[in-house]
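Contents: one structure, followed by commentary.
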Amino acid sequence: MKIFINQVPSEGLLLEEEIKPAELDLETELIKFRSALKIKAFVSRAINAIIVELDMQALLSAPCSRCLEEFQWQFNKNTRLSYTFDSSTSFIDLNPDIREEVMLDYPIKPLCGPDCKGLCVKCGKNKNEGGCNCGST
Ligand SMILES: [Zn+2]
Ligand SMILES: [Zn+2]
Numbered sequence: 009m010k011i012f013i014n015q016v017p018s019e020g021l022l023l024e025e026e027i028k029p030a031e032l033d034l035e036t037e038l039i040k041f042r043s044a045l046k047i048k049a050f051v052s053r054a055i056n057a058i059i060v061e062l063d064m065q066a067l068l069s070a071p072c073s074r075c076l077e078e079f080q081w082q083f084n085k086n087t088r089l090s091y092t093f094d095s096s097t098s099f100i101d102l103n104p105d106i107r108e109e110v111m112l113d114y115p116i117k118p119l120c121g122p123d124c125k126g127l128c129v130k131c132g133k134n135k136n137e138g139g140c141n142c143g144s145t
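My numbering puts the first residue of the sequence shown at 9, with every later residue one more than the last.
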């Protein structure tokens with residue numbers, strides 16, 4: 009998402025964009041996107057700065073770190089960025105900051121639910137689906 013400074017009126021400007029995750033290299037070995045990254049940005053102007061109120065949304069998925077089942081969750085983050093500029097600046101590219109803001113919120117150990125029971129250490133059965141018959145309790 010780019011902001012052209014001379015296109016920002018004094019009352020501000022609402023920009024919306026859907027960014028493909030590949031454009032920002034957002035996916036990792038674990039975290040995958042199940043939708044585009046939806047960005048809403050309210051852009052306003054201060055004397056030598058551009059203020060951006062960002063709203064980011066996407067449907068993400070990852071394997072649970074305990075039971076290894078793939079699960080999805082809705083990512084939603086609001087943040088505020090500001091950029092100073094001088095007369096030589098014609099536009100501001102938000103993409104590096106958008107990328108960083110999204111990736112900062114990736115879970116280190118994704119969990120399908122707070123009480124995921126994980127896998128049986130003995131037979132490997134997913135204990136969320138019921139007990140196993142391997143004798144381990
Ligand atoms: Zn799990
Ligand atoms: Zn078992």
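For every residue, glycine included, the Cβ atom is placed at its ideal position computed from N, Cα and C.
Check: Taking buried to mean at least 16 other C-beta atoms within 10 Å of its own C-beta, is Arg74 buried or exposed?
Finding: Here residue 74 corresponds to residue number 66 of the sequence shown, with the count starting at 1. Answer is buried; the Cβ neighbour count reaches 16.
Note to self: Please identify the residue among Ala49, Leu112, Gln65 and Leu76 whose C-alpha is closest to the C-alpha of Ser90.
What the structure shows: Translated into the one-based positions of the sequence shown, residue 90 becomes position 82. The option with the nearest alpha carbon to Ser90 is Ala49.
Next item on the list: May I ask you to list the residues that DSSP assigns as paired with Ala57?
Entry: Counting from 1 along the sequence shown, the entry for residue 57 is found at position 49. According to DSSP, Ala57 shares a beta bridge with Thr92.
Next item on the list: Reducing DSSP to helix, strand and coil, say where Glu109 ends up.
Entry: Within the sequence shown, numbered from 1, the residue matching residue 109 stands at position 101. Helix, per DSSP.
Notebook entry, point to check: Would you call Ile100 buried or exposed, if buried means 16 or more other Cβ atoms sit within 10 Å of its Cβ?
Noted result: Within the sequence shown, numbered from 1, the residue matching residue 100 stands at position 92. The residue is buried, with at least 16 neighbouring Cβ atoms inside 10 Å.
Next item on the list: Measure the C-alpha to C-alpha separation of Lys130 and Gly139 and round it to an integer number of angstroms.
Entry: Reading the sequence shown from its first residue, position 122 is the one you call residue 130. Reading the sequence shown from its first residue, position 131 is the one you call residue 139. Their backbone Cα atoms lie some 12 angstroms apart in a straight line.
Notebook entry, point to check: What are the start and end residues of the beta strand (DSSP E) that includes Lys135?
Noted result: Indexing the sequence shown from 1 puts residue 135 at position 127. First-last for Lys135: undefined, no H or E at that position.
Margin query: Would you say the beta carbon of Lys125 is closer than 7 angstroms to some non-hydrogen atom of ligand 2?
Written below: Here the question's residue 125 lines up with position 117 in the sequence shown. No, Cβ of Lys125 sits at least 7 angstroms from all heavy atoms of ligand 2.
Next item on the list: Give the straight-line distance between the Cα atoms of Asn134 and Glu24, rounded to the nearest whole angstrom.
Entry: One-based indexing of the sequence shown puts residue 134 at position 126. One-based indexing of the sequence shown puts residue 24 at position 16. Answer to the nearest angstrom: the Cα atoms are 41 angstroms apart.
Notebook entry, point to check: Between Asn56 and the rest of its own chain, which residues show a CB-CB distance below 8 angstroms, the 5 nearest in sequence each way excluded?
Noted result: As a working mapping, residue 56 is identified with position 48 in the sequence shown. Thr92, Phe93 and Asp94.
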